[in-house]
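Everything below concerns the one structure shown next.
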Amino acid sequence: MYNPEQKQIILKNSFGVSYHVFYESGRGICVRMLGDGGIWSRGYVLSELSIHDFSVILDKNDIFHFVFQSKDGRILYGHGRNGQIEIQPILNSKDKTPWMKHVSLVIHGNRVLFFYIINYQNRFLLSMQTIKEDIPTKPIAIDYVDGPGKNYHVLVDSQEKCHLFYTNNESSVKRLYHRTFNENTCIFNAPDKIAVSEHEILFSGAICIDKQIHFIYQVSSENSFQVVYRQLGTEKTDECLYKGNSAPGYTGLVYYCETLWFFRICSNSIYVRTSDDQGKHWTDEALYPFGTGNMLVCFIYFSNDVKELNMLSCYEIPGNFSRGYQLAFLNRNAYSGYLKKTAQEVNHIQMPGSLDKREHPDSVGKSEKNIRKNTEYPEIKELQKKIMLLHNLTENMQRELTKLWLTQKGHEKKLELLGRSYAHLKNNQSYIDNDGIDENTITETTEEDTGIVQKLAIEDEPFETDGVDFPSA
């Protein structure tokens, strides 16, 4: 069933190789690679310490970065910068019983920014830390938020500016706030109120298109529900994309191939409205055809693939695990079916001569000229063929290297187990010889068994905000 709380993360590197990062009970955070024929490799465990509270991203160099909450309530950060997975704690916890802190992270320049929610004096506090050159800063409180749910969203736009959205519904006046990260002070600027209502506000998502932030939020009362669309920092009035007496379900925005999609998930069905002019005009709502018999899954999707970088912007996107994985709105067959089904219902902009802009005669003539041009010059076709072969060869090499890396990790685990067995036998022999156990040996073995590179641990560090000290999580 589609549920962002049961998220599945798909990461696609610059070579087009896809990885699935997921949580498995009893094993922790795992990663597997999509091979030929849509077959997933066996899952490799990134950390056995994790509960189902984690976040993963790829940096521009295709390096994994992830943050998670451990079984004892700590927050830890891991990466693969040095050819192997290294993990270090960034925040210790006095409460050893874990609860959902909704951890997340983003890459901002040469820093990694971490976000999470803690419980302070029976209120929920949105907090952050940064890490640079493996050294984490002290935790900093940002603001109080309403409830323990995921009520904040962090986005880095195309100009490398970090945006934070969050809600506060504690008072009689409900508010949606927006803040930007100040690189000089390494804290967020003062909040701007971008939405105010007497009814509850729920932030639903934000994406960046051509340096412009597009976002949606829900306003709900007892018998009235609305989903409102807006562009950040523009004079454009709000656009109501859904209004009804029943909840809209899970909602989100996806931009792909010059089409902006608003979707909502209800009863395992996808309902959509689209805009071909970046939110100025929207079609009527229609059911999106996306296969039958497959349960919808909430994917969080990051891609470094050059074929998608400039044409795709999304965060949460519905899909399923057929043939590896399939993402809605990126499936051309389903998109064609949607266009045919809604051809009579779409309120699109008419071009001169009552033609849709996709069918404008100038564009048709240009495409025909391009086709003739390519066929007239066989050298171009040959060059295109060689480029495609080189691209395929590079992708295959990347897959093989990843398989070798996973195999190496498997062998390293086996060697680690052998090392533990040897140490255990050695300890037993020492016990027999000396009628006792060496405490130093036990301590060293226990530290090695954790598998963690503990470079710096913050324990009982205070939060800093407006001159008030807050305790650690």
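Mapping of the sequence shown onto this note's numbering: residues 1148 to 1620, in sequence order.
Every residue, glycine too, gets a C-beta built ideally from N, C-alpha and C.
Residues in the same chain with beta-carbon distance under 7 Å from G1294, minus the five sequence neighbours each way, listed in chain order, please.
For the purposes of this step, residue 1294 is taken as residue 147 along the sequence shown, with counting starting at 1. When the five nearest sequence neighbours on each side are left out, the beta carbons in the same chain lying within less than 7 Å of the beta carbon of G1294 are those of F1271, in order along the chain.
Can you give the beta carbon distance from S1460 to Y1402, rounded, assuming they're within the 8 Å contact cut?
The sequence position of residue 1460 within the sequence shown is 313, counting from 1. The sequence position of residue 1402 within the sequence shown is 255, counting from 1. At roughly 4 Å, the Cβ-Cβ gap stays under 8 Å, so S1460 and Y1402 are in contact.
Report back the beta-carbon spacing between S1305 and I1287 to the nearest angstrom; my notes put them in contact at under 8 Å.
Translated into positions along the sequence shown, residue 1305 becomes position 158. Translated into positions along the sequence shown, residue 1287 becomes position 140. Cβ atoms of S1305 and I1287 stay farther apart than 8 Å, at about 26 Å.
Whose CA, out of M1442, F1449, H1346, lies closest to the CA of N1315?
By one-based count along the sequence shown, residue 1315 stands at place 168. Nearest C-alpha to N1315: H1346.
Do L1388 and F1409 have their C-beta atoms closer together than 7 Å?
Stepping through the sequence shown from its first residue, residue 1388 is reached at position 241. Stepping through the sequence shown from its first residue, residue 1409 is reached at position 262. In contact: L1388 and F1409 (Cβ atoms closer than 7 Å).
Hey, would you say S1251 sits closer than 7 Å to S1188, going by beta carbons?
Translated into positions along the sequence shown, residue 1251 becomes position 104. Translated into positions along the sequence shown, residue 1188 becomes position 41. Their beta carbons are not under 7 Å apart, which means S1251 does not touch S1188 by this criterion.
Do you know how far the Cα of Y1313 is from the Cα of D1423?
Position 276 of the sequence shown holds residue 1423. Position 166 of the sequence shown holds residue 1313. Cα to Cα, the separation comes out at about 28 Å.
Under the three-state reduction of DSSP, which class applies to E1369: helix, strand or coil?
For this step, residue 1369 is matched to residue 222 along the sequence shown. The answer is coil: DSSP assigns E1369 none of H, G, I, E or B.
With a CB to CB cut of under 6 Å and the five nearest residues on each side skipped, what residues in its chain are close to L1474?
To locate residue 1474, count along the sequence shown from 1; it is residue 327. Within the same chain, and ignoring the five residues on either side of L1474 in sequence, the residues whose Cβ sits closer than 6 Å to its Cβ are I1464, G1466.
Using the Cα positions of F1335 and D1290, report the straight-line distance between them to the nearest angstrom.
Residue numbering aside, residue 1335 sits at position 188 when the sequence shown is read from its first letter. Residue numbering aside, residue 1290 sits at position 143 when the sequence shown is read from its first letter. Computed Cα separation, rounded: 10 Å.
Does the Cβ of R1411 have 16 or more other Cβ atoms within 10 Å, making it buried, or fewer, making it exposed?
Locating residue 1411 in the sequence shown gives position 264, counting from the first residue. R1411 comes out buried.
Rounded to the nearest angstrom, what separates N1451 and N1208 at their Cα positions?
As a first step, residue 1451 must be located in the sequence shown, where it is residue number 304. As a first step, residue 1208 must be located in the sequence shown, where it is residue number 61. When the Cα atoms are used, N1451 and N1208 turn out to be separated by approximately 9 Å.
Considering only DSSP beta bridges, list what L1311 is partnered with.
For this step, residue 1311 is matched to residue 164 along the sequence shown. L1311 pairs with V1301, R1326.
Give the range of the beta strand (DSSP E) segment to which V1259 is assigned.
As a working mapping, residue 1259 is identified with position 112 in the sequence shown. That run of the beta strand (DSSP E) goes 1258-1267.
If contacts are defined as beta-carbon pairs under 8 Å, then S1197 and Y1170 qualify, I think. What distance do you get, rounded to the angstrom?
By one-based count along the sequence shown, residue 1197 stands at place 50. By one-based count along the sequence shown, residue 1170 stands at place 23. 7 Å between Cβ atoms; contact.
Grouping DSSP H, G and I as helix and E and B as strand, with all else coil, what is P1525?
The residue given as residue 1525 occupies position 378 in the sequence shown. P1525 falls in the helix class under three-state DSSP.
Beta-carbon separation of Q1268 and I1237 under 7 Å?
Stepping through the sequence shown from its first residue, residue 1268 is reached at position 121. Stepping through the sequence shown from its first residue, residue 1237 is reached at position 90. It is not a contact, given that the beta carbons lie outside the stated cut-off.
I believe V1192 touches M1180 by the beta-carbon criterion, under 8 Å. Please report the beta-carbon distance rounded to the nearest angstrom.
By 1-based counting over the sequence shown, the position of residue 1192 is 45. By 1-based counting over the sequence shown, the position of residue 1180 is 33. About 14 Å separates the beta carbon of V1192 from that of M1180, a gap too long to meet the 8 Å contact definition.
From L1537 to H1167, what does the alpha carbon distance come to, in whole angstroms?
As a first step, residue 1537 is located in the sequence shown; it is residue number 390 there, counting from the start. As a first step, residue 1167 is located in the sequence shown; it is residue number 20 there, counting from the start. Between L1537 and H1167, the C-alpha separation is close to 26 Å.
Express the C-alpha separation of H1428 and Q1497 in angstroms, rounding to a whole number.
Residue numbering aside, residue 1497 sits at position 350 when the sequence shown is read from its first letter. Residue numbering aside, residue 1428 sits at position 281 when the sequence shown is read from its first letter. Summary for Q1497: the model assigns pLDDT 38, below 50, so the residue's position carries little reliability, and this model does not support an answer.
Straight-line gap, D1357 to H1300 (C-alpha atoms, nearest Å)
Indexing the sequence shown from 1 puts residue 1357 at position 210. Indexing the sequence shown from 1 puts residue 1300 at position 153. Answer to the nearest angstrom: the Cα atoms are 19 Å apart.
Simplified DSSP assignment, three categories, for L1474
If you number the sequence shown from 1, residue 1474 lands on position 327. Reduced to three states, the DSSP call for L1474 is strand.
For E1152, which residues of its own chain have a beta-carbon under 6 Å away from its beta-carbon, when the five flanking residues on both sides are left out?
The residue given as residue 1152 occupies position 5 in the sequence shown. Nothing meets the Cβ criterion.
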